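Asks: Can you read through this structure? Questions will come right after.
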Amino acid sequence: MRDEILNGFEIERRRLRAVLQGVPSSRWADQPGGLVHHAAWTVGHLAVSMEAIGGELGLAPWLDDAWRARHGQGSSPVPARIVYPESPILLDMFDGGADRVVAAVRGLGDEGWRGPLPDERHRATYPTLAHAVLHVLVGHTAFHVGQLVAWARARQDERRLQP
């Protein structure tokens with residue numbers, strides 16, 4: 005099942021890149037049609053998600069507090085582009101974290117994979133590390149990539165309506 009999870013995650017990573025291809029960094033904080041979850045916040049948020057599941061896998065944190073505050077759970081996207089790093093940095097932080105997590109998942113023994121989630125606060129929902137990895141890499145990532153698909157379509161629709 006581990007390979008299937010990693011394959012699903014790789015599919016979502018490719019979808020993320022495809023959706024954002026050709027969108028200038030200067031437009032990544034646009035909120036077309038009232039869609040607030042723009043690319044700059046979403047990609048940064050996915051980087052935070054990688055760090056969070058990385059922590060469950062035993063990896064040391066790699067993002068700074070400012071990044072977590074700007075993109076973490078409970079943060080709100082704002083339409084000011086200046087607030088966010090440029091798109092190459094956002095993508096690099098997500099991809100770098102994703103690569104670390106994938107390597108950790110591949111290197112984890114079966115006992116750890118099937119063992120209890122280290123963070124006891126979430127064990128009722130994700131009883132094992134495998135459950136949490138499945139959720140973050142596939143479910144959570146696909147959810148946010150889906151938001152980006154809607155965001156990209158709204159951007160296109162808005163551009164078509166402009167004189």
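Just so we're aligned: the sequence shown equals residues 5 to 167 in the numbering used here.
For glycine and all other residues, C-beta sits at the position ideal for the given N, C-alpha and C.
Since the structure is predicted, the reported quantities are computational estimates derived from the model, not experimental observations.
Enumerate in chain order the residues of its own chain whose CB-to-CB distance from L50 is below 7 Å, with the five nearest sequence positions on each side excluded.
Replies: F98, T145, H148
Asks: Residue range of the alpha helix (DSSP H) that M5 falls in?
Replies: The continuous stretches of alpha helix (DSSP H) do not include M5, and DSSP gives it neither H nor E.
Asks: Going residue by residue through the segment 53–84, where are the continuous alpha helix (DSSP H) segments of at least 4 residues, counting only ones entirely within it?
Replies: Annotation note: the segment 53–84 contains the following uninterrupted alpha helix (DSSP H) runs of length 4 or greater, listed N- to C-terminal: 69–75.
Asks: Helix, strand or coil: which one does DSSP assign to T129?
Replies: coil
Asks: Taking L39 and A154 to be in contact with their CB atoms under 8 Å, please state how far apart those CB atoms are, rounded to whole angstroms.
Replies: 6 Å
Asks: Please confirm whether A108 and L63 have their CB atoms less than 8 Å apart.
Replies: yes
Asks: Helix, strand or coil, according to DSSP, for P36 in the structure here?
Replies: helix
Asks: Answer with buried or exposed for A134, where buried requires no fewer than 16 other C-beta atoms within 10 angstroms of its C-beta.
Replies: Buried: at least 16 other Cβ atoms inside 10 Å.
Asks: What does the Cβ neighbour count give for Q25, buried or exposed, with the cut at 16 atoms within 10 Å?
Replies: exposed
Asks: How far does the alpha helix (DSSP H) with V109 in it reach, from first residue to last?
Replies: 91–111
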